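**Student:** First, the structure itself, so that you have it in front of you.
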Amino acid sequence: MLPIVLLSVFGIILLFLGFQKSRAVLLPACLLFIVVALATTFIDWNKTYLYFNGMLLMNNLAMVFIAIVLISAFMVVALSGHYLEDEAAQPAEYYALLLFSLVGAIMMITFENLIMLFVGIEILSVAMYILTGSDKHNLRSNEAAIKYFLMGAFATGIMLFGIALLYGATGSFAVSGIAGYVGTGSGVSLLLYMGLLLLLIGVLFKVSAAPFHFWTPDVYDGAPTLFTAYMSTVVKTAGFAALLRLLSLPFSGVYGFWWVILAVITALTLVAGNVTAVYQNSFKRMMAYSSISHAGYLLIGLAALTQQSRQALVFYSLAYSLATISAFGILLLVARERSMNQLNTDNRSDESFDAFNGLARKNPLLGFVMAVSMLSLAGIPLTAGFWGKFMVFSAAAERGMIWLLVVAVLMSAVGIYYYLRVVIAMYFREGSMESIRIAPFYRFVLIAATVLTIALGIAPGLIQGLV
Numbered sequence: 066m067l068p069i070v071l072l073s074v075f076g077i078i079l080l081f082l083g084f085q086k087s088r089a090v091l092l093p094a095c096l097l098f099i100v101v102a103l104a105t106t107f108i109d110w111n112k113t114y115l116y117f118n119g120m121l122l123m124n125n126l127a128m129v130f131i132a133i134v135l136i137s138a139f140m141v142v143a144l145s146g147h148y149l150e151d152e153a154a155q156p157a158e159y160y161a162l163l164l165f166s167l168v169g170a171i172m173m174i175t176f177e178n179l180i181m182l183f184v185g186i187e188i189l190s191v192a193m194y195i196l197t198g199s200d201k202h203n204l205r206s207n208e209a210a211i212k213y214f215l216m217g218a219f220a221t222g223i224m225l226f227g228i229a230l231l232y233g234a235t236g237s238f239a240v241s242g243i244a245g246y247v248g249t250g251s252g253v254s255l256l257l258y259m260g261l262l263l264l265l266i267g268v269l270f271k272v273s274a275a276p277f278h279f280w281t282p283d284v285y286d287g288a289p290t291l292f293t294a295y296m297s298t299v300v301k302t303a304g305f306a307a308l309l310r311l312l313s314l315p316f317s318g319v320y321g322f323w324w325v326i327l328a329v330i331t332a333l334t335l336v337a338g339n340v341t342a343v344y345q346n347s348f349k350r351m352m353a354y355s356s357i358s359h360a361g362y363l364l365i366g367l368a369a370l371t372q373q374s375r376q377a378l379v380f381y382s383l384a385y386s387l388a389t390i391s392a393f394g395i396l397l398l399v400a401r402e403r404s405m406n407q408l409n410t411d412n413r414s415d416e417s418f419d420a421f422n423g424l425a426r427k428n429p430l431l432g433f434v435m436a437v438s439m440l441s442l443a444g445i446p447l448t449a450g451f452w453g454k455f456m457v458f459s460a461a462a463e464r465g466m467i468w469l470l471v472v473a474v475l476m477s478a479v480g481i482y483y484y485l486r487v488v489i490a491m492y493f494r495e496g497s498m499e500s501i502r503i504a505p506f507y508r509f510v511l512i513a514a515t516v517l518t519i520a521l522g523i524a525p526g527l528i529q530g531l532v
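Taking our numbering, I'd label the letters of the sequence shown as residues 66 to 532.
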């Protein structure tokens, strides 16, 4: 469990580095710390260990999810160079909070005790509340932080009540203890069903599943774009890893109770996310609803809970994270360029679809990267997103969830429409966008994410067999 200790120490070190006059060391130091944490993650590969008095469990599946989270965090942090040039920004605090939030994400992935799940969610959430409101002079950011905090506090209360009911029913907070109670074969207490339902509501809120998704568009839209990218990838991956662990181990014995509830929530999430995204004029809000819809696709794998589900969730999480980070990385560049050249008529960043008009003509690399990311999110063949959807659909087909598959396929067709709006704007519309200067490492991250998306689309077996 070295990554948790290292990231905690590294976060404190970054706070002290913030006292230096020069900010130049902050970004390389943060990236180095994430790489070190990633390298130490695989020390226990092919082994299963319990840590902190049996509170956390490390195995291959946990290590793969941790790797996805850390790779996503590395890519997001690599896109944050503009904060070093902004005198009003506090990059040392931002980076420290990001590292502390990763500690919470790892706890969510590896919990063996419901108390550690709660602690992990709180560590991650508190950091996200602060980073959402980090743009103090932006009213949208302040409003988003308040909404996120208030609604998140209610969700946490509901989740904690659920944990209390589960303890009352089983007499244990431990995953193994709850699994032992469920597996006894005797009558399961009503308290357990109530507790599981409330616990699911709390965790589903964190992954933006309908009908607990109403905070997502405003928070994603108001938060600084960099932290929106972080929330939509790292937080979502950690949330689904926690759900997979929760449902596949202690509550697999009551699958007949929760799969119907989860399937209905999945259908609602798919419809709410995809249909509402069609009406958006802001690219950033569209990506918020896109995030909701992809939560629905991931929930399909959970509702099915077959042998394929673990592989499907791992692959889908990686494919979704790569495409989303690429898309937000280009949005950062376009919005900043238009703001610097005063191409927008007000003081807000231009994050509409029109901001991408003609982008590919003067910036072919950015156009190609964005096109690949949109096609992957849409699930078009030869991209990683296609195989991600194929895997979760296969898991649902194995369970015989044909009605859910029909809803998912129809909503995938709807998704193609709003993702291609960006591609059409870049390649087929006239615009005033000039060539955008890109930092070398920023360019490297965008290219790496695109290459991985295409490589996994052509050879999805590259990461098979890891879990």
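Every residue, glycine too, gets a C-beta built ideally from N, C-alpha and C. Being a predicted model, the structure only gives us computed values, none of them experimental.
What are the boundary residues of the beta strand (DSSP E) that residue 121 is part of?
**Tutor:** 121 to 123
**Student:** Given residue 149, which residues of its chain have a CB within under 8 Å of its CB, disregarding the five upstream and five downstream residues?
**Tutor:** 88, 89, 91, 92 and 156
**Student:** Pick helix, strand or coil for residue 382, following the three-state DSSP scheme.
**Tutor:** helix
**Student:** Use the C-beta contact count for residue 286: other C-beta atoms within 10 angstroms, 16 or more gives buried, fewer gives exposed.
**Tutor:** buried
**Student:** In three-state DSSP terms, what is residue 531?
**Tutor:** DSSP places residue 531 in coil when its eight states are reduced to three.
**Student:** Is the Cβ of residue 268 closer than 8 Å to any Cβ of chain D?
**Tutor:** Here chain D cannot be found, since the structure has a single protein chain.
**Student:** Helix, strand or coil for residue 447? Go by DSSP, reduced to three states.
**Tutor:** coil
**Student:** Among the residues of its own chain, which have a CB less than 6 Å from the CB of residue 486, if the five just before and after it don't count?
**Tutor:** 418
**Student:** Looking only at C-alpha atoms, which of 334, 264, 324 and 99 sits nearest to residue 281?
**Tutor:** With distances taken between Cα atoms, residue 281 lies closest to 334.
**Student:** Hey, could you find the ends of the beta strand (DSSP E) residue 114 is sitting in?
**Tutor:** 114 to 116
**Student:** From residue 112 to residue 122, what does the alpha carbon distance come to, in whole angstroms?
**Tutor:** Linking residue 112 to residue 122 through their CA atoms gives a straight-line distance of about 10 Å.
**Student:** Does the Cβ of residue 502 have 16 or more other Cβ atoms within 10 Å, making it buried, or fewer, making it exposed?
**Tutor:** exposed
**Student:** Between which residues of its own chain and residue 75 is the CB-CB distance below 6 Å, once the five residues before and five after are set aside?
**Tutor:** 98 and 164
**Student:** Terminal residues of the continuous alpha helix (DSSP H) containing residue 173?
**Tutor:** 156 to 175
**Student:** Helix, strand or coil for residue 355, going by three-state DSSP, please let me know.
**Tutor:** helix
**Student:** Quick one: Cα of residue 175 to Cα of residue 530, how far?
**Tutor:** The alpha-carbon atoms of residue 175 and residue 530 are separated by roughly 20 Å.
**Student:** Could you pull out every residue in the same chain whose Cβ sits closer than 8 Å to the Cβ of residue 412, ignoring the five residues on either side in sequence?
**Tutor:** Residue placement at residue 412 cannot be trusted, given a pLDDT of 47 that sits under 50; what the coordinates show is reported in the next sentence. Nothing listed; no residue qualifies.
**Student:** Since residue 144 is in the alpha helix (DSSP H), which residue starts that stretch and which ends it?
**Tutor:** Unbroken run through residue 144: none, as it is neither H nor E.
**Student:** In whole angstroms, give me the CA-to-CA distance for residue 100 and residue 80.
**Tutor:** A straight line joining the alpha-carbon of residue 100 with that of residue 80 spans about 18 Å.
**Student:** Count the other CB atoms within 10 Å of the CB of residue 249; is the residue buried (16 or more) or exposed (fewer)?
**Tutor:** exposed
**Student:** Can you give the Cα-Cα distance for residue 240 and residue 449, rounded to whole angstroms?
**Tutor:** 33 Å
**Student:** Taking residue 489 as the reference, which of 469, 421, 524 and 460 has the closest Cα?
**Tutor:** 421
**Student:** What does a CB cutoff of less than 7 Å around residue 168 pick up in its chain, not counting 5 residues either side in sequence?
**Tutor:** 69, 72, 73 and 188
**Student:** Are residue 470 and residue 462 close, meaning C-beta to C-beta below 8 Å?
**Tutor:** yes
**Student:** Assuming the contact rule is C-beta atoms closer than 8 Å, residue 212 and residue 283 should be a hit. Round their C-beta distance to whole Å, please.
**Tutor:** 6 Å
**Student:** Suppose you measure from the CA of residue 374 to the CA of residue 260; what does that come to, to the nearest Å?
**Tutor:** 24 Å
**Student:** In chain order, what residues of the same chain lie with their CB nearer than 6 Å to the CB of residue 140, ignoring the 5 residues before and after it?
**Tutor:** A distance below 6 Å between beta-carbons, with the five flanking residues on each side excluded, links residue 140 to the following residues of its chain, in chain order: 390 and 510.
**Student:** In this structure, does DSSP put residue 409 in helix, strand or coil?
**Tutor:** At residue 409 the pLDDT is 48, less than 50, meaning the model places this residue with poor confidence and gives no usable figure here.
**Student:** Between which two residues does the alpha helix (DSSP H) carrying residue 183 extend?
**Tutor:** 179 to 197
**Student:** Just to confirm, are residue 494 and residue 432 a CB contact at a threshold of 8 Å?
**Tutor:** no
**Student:** Taking the Cβ atom as the reference point for each residue, do residue 291 and residue 257 lie within a distance shorter than 8 Å?
**Tutor:** no
**Student:** Going by C-alpha distance, which of 473, 466 and 481 is nearest residue 446?
**Tutor:** 481
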